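The next block holds one structure in the form of structure tokens; read it before the comments.
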Amino acid sequence: MGFYEVYSHPVLIRYKASVCSRASVFVLVVYVLTYIPPLLITYRSQGFWLKQSSYEEQPVVRFQYEMLMIGVTSVSGDYIAWSTFSNFNTLLGDKLRIPTVSVRESDSNGDGKADRLSLQMSVPLNSAEQIYSIQLLLTFSYQLRRMSVVVMQSMVLVQSSSPVPVSQLFISGDLKLQQKEPLSHRGVHTQYNVSVIDSASPFANSYDLTTIIRKYQERNLTTYLWCPVPLWTVGQAANTPFQINAEIRYPVETITYPLHTVC
Ligand SMILES: *[C@@H]1O[C@H](CO)[C@@H](O)[C@H](O)[C@H]1NC(C)=O
Ligand SMILES: *[C@@H]1O[C@H](CO)[C@@H](O)[C@H](O)[C@H]1NC(C)=O
620 MGFYEVYSHP VLIRYKASVC SRASVFVLVV YVLTYIPPLL ITYRSQGFWL KQSSYEEQPV
680 VRFQYEMLMI GVTSVSGDYI AWSTFSNFNT LLGDKLRIPT VSVRESDSNG DGKADRLSLQ
740 MSVPLNSAEQ IYSIQLLLTF SYQLRRMSVV VMQSMVLVQS SSPVPVSQLF ISGDLKLQQK
800 EPLSHRGVHT QYNVSVIDSA SPFANSYDLT TIIRKYQERN LTTYLWCPVP LWTVGQAANT
860 PFQINAEIRY PVETITYPLH TVC
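Note that our numbering numbers the sequence shown so that position 80 is 699, with each residue one more than the last.
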């Protein structure tokens with residue numbers, strides 16, 4: 620004769636003990652061990668409540684062919700200058716020295732993004748002039764696309780001086796991004812897509828490096844040149860032009876962005 624299930628019901632068995640028994644203490648210990656260690660482990664691992672994270676991206680950088688150069692030619696502070704801004708050049712009068720400039724941007728790995736800028740500048744000097752110090756400002760168009768879209772116009776300022784007259788300045792560095800705060804990982808940021816220098820302005824104040832830097836450093840997102848050693852070559856033959864050689868690489872950048880936790 621075969622059997623089949625007619626009816627079933629679960630059975631609940633309650634084990635009771637007084638509050639001050641060994642069984643109660645054991646159950647309490649089990650509860651504590653179940654909840655506290657996992658909390659401690661996730662908290663100490665730093666990975667559970669991350670506030671920000673980062674990703675890597677090579678920016679799309681383009682030299683904007685805007686330059687401003689100021690060279691100090693004597694220990695008493697005489698200077699010569701040149702820029703790609705005609706209003707500034709007009710203000711210079713007889714301090715203007717027009718250099719020959721050669722610029723090349725190259726893409727060494729063929730990914731369509733420029734990897735380095737090579738710039739040579741040859742500044743003609745009068746026979747009495749010698750270079751002691753150089754300030755060189757270059758502007759770039761800088762774009763990020765991987766997470767948030769950033770389009771901005773940025774700059775680098777190279778400033779270097781020597782106690783003795785020099786004939787050549789060699790700069791080799793990286794164009795780096797400086798973030799004052801994490802960049803939101805979505806959206807389009809174009810608020811810094813404005814010129815670093817107001818080239819339409821006829822006023823000397825607009826080309827004053829103090830004014831330019833003060834305004835630029837107000838930004839939350841800037842670029843700077845990471846160049847540990849600007850290299851001077853000492854010794855200047857009379858009537859030879861002063862040479863500036865710059866190699867600026869556009870490396871892969873680590874961009875931090877905020878994580879918004881859902882609670
Ligand atoms: C950024 O500015 C340049 C020049 O002013 C302009 O041609 C370009 O369309 C702007 N890009 C964006 C995304 O606003
Ligand atoms: C820059 O960051 C500060 C601080 O978070 C913020 O208040 C300000 O709005 C930001 N400026 C721009 C232009 O995004």
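Think of the CB as a built atom: it goes at the ideal place given N, C-alpha and C, for glycine as much as any other residue.
Since this is a predicted model, take the numbers as computed values, not measurements.
CA-CA distance, residue 649 to residue 841, rounds to 54 Å. Burial is judged here by how many other beta carbons sit within 10 angstroms of a residue's own beta carbon; residue 639 has fewer than 16 and is exposed. Judged by DSSP in its simplified three-state form, residue 728 adopts coil rather than helix or strand.
In the three-state scheme derived from DSSP, where H, G and I count as helix and E and B as strand, residue 856 is classed as coil.
Between ligand 1 and residue 809, a heavy atom-to-CB distance of less than 7 Å is present. Residue 770 has its CB nearer than 7 Å to a heavy atom of ligand 1. Short note on residue 745: C-beta not closer than 7 Å to any heavy atom of ligand 1. For residue 684, the secondary structure class from DSSP, reduced to helix, strand or coil, is strand.
Closer than 7 Å to some heavy atom of ligand 1: that describes the Cβ of residue 812.
Under the 10 Å beta carbon count, residue 672 is surrounded by fewer than 16 other beta carbons and is classified as exposed.
Proximity of the region 769-789 to the region 749-758 meets the contact definition, three or more beta-carbon pairs being nearer than 8 Å. For residue 864, the beta-bridge partners assigned by DSSP are 739, 789. For the pair residue 771 and residue 688, the CB atoms are not nearer than the 8 Å cut-off. In this structure, the alpha-carbon of residue 629 lies about 33 Å from that of residue 656. When DSSP states are grouped into helix, strand and coil, residue 678 belongs to the coil group.
Using a 10 angstroms sphere on the CB of residue 645, the tally of other CB atoms stays under 16, which defines it as exposed. Secondary structure note for residue 700: its beta strand (DSSP E) is the uninterrupted segment 698-702. For residue 832, the uninterrupted alpha helix (DSSP H) run begins and ends at 828-836, by DSSP. As DSSP reads the structure, residue 872 sits in a beta bridge with 676.
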